[in-house]
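Below: the structure, in structure tokens.
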Amino acid sequence: MPPLLHPFYPVVPDINWLVRLVPLGVKTIQLRLKDEPAGEVKRQIEMAIAICDRHDCTLIINDYWREAIELGGGFIHLGQEDLAIADLEKIRNAGIRFGLSTHSHEELDIALAVKPDYVALGPIWETSLKKMKWQPQGLERLKDWAQKSPVPVVAIGGITLERAPKTLTTGAMSIAVVTDIVFHANPEQRVRDWLNLINK
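Count along the sequence shown from 1, then add 1230; that gives the number in the working numbering.
In structure tokens:
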């Protein structure tokens, strides 16, 4: 049985990025749409599902659990705020798997209580993507999370290709990567470099 998530897990802001990166051999990707009209959200999710199906890539839809149910998505990611309002019974009844963000032991307990398919811990390093109230978690806490959690752990936040080998030694199943791809001068080559590293 293949692993739940590929060790390299890019997180991209729109369908254009997904179109560019999935054909390179990416096997897990998250579509993290923000501030789009409802019709555009559905259009992009539909396209993403089709592309990922074609390339045998696991698509994870950020936040939009209702649209995932309606359009046949198989996996979603929720933040702690989203978890408070999501209908987990509906999500489970639709056969959709889900991962949850965590930033503290309290949030980990909240997440594990609802039996997610994975938990994400971040930021591991300082990240420039968004202002966060959480201090960098570091590799020791990531290792602790990976040892204590009964479900796979995803590392996220400030992780570059150069930091990846140390990150993978912690026991985390997967590394979610945002800025090291979307802000890179040559994103496609950076993805190839990530895949080469992971697949060695």
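For glycine and all other residues, C-beta sits at the position ideal for the given N, C-alpha and C.
*Which residues mark the beginning and the end of the beta strand (DSSP E) in which L1351 is found?*
Y1348 to L1351
*Using the C-alpha atoms, what's the distance from V1383 back to L1338?*
11 angstroms
*For L1248, which residues from the same chain have a beta carbon less than 7 angstroms from its beta carbon, with the 5 sequence-adjacent residues on both sides left out?*
V1242, I1259, L1261, A1278 and I1281
*When DSSP builds the beta bridges, which residues end up paired with Q1260?*
V1241 and I1290
*Around the Cβ of K1257, are there at least 16 other Cβ atoms within 10 angstroms (buried) or fewer (exposed)?*
buried
*Using the DSSP secondary-structure output, state which residues sit across from G1329 in a beta bridge.*
H1307 and Y1348
*Any 3 or more C-beta pairs closer than 8 angstroms across the segment 1325-1333 and the segment 1305-1316*: yes
*asked:* I need the straight-line Cα distance from L1427 to L1398, nearest angstrom please.
replied: 11 angstroms
*Closest by CA to D1410, which one among L1234, Y1239 and L1235?*
Y1239
*Exposed or buried, what is F1305 when buried is set at 16 or more other beta-carbons lying within 10 Å of its beta-carbon?*
buried
*For V1381, which beta-bridge partners are listed by DSSP?*
None, per the DSSP bridge assignment.
_Simplified DSSP assignment, three categories, for A1406_ = strand
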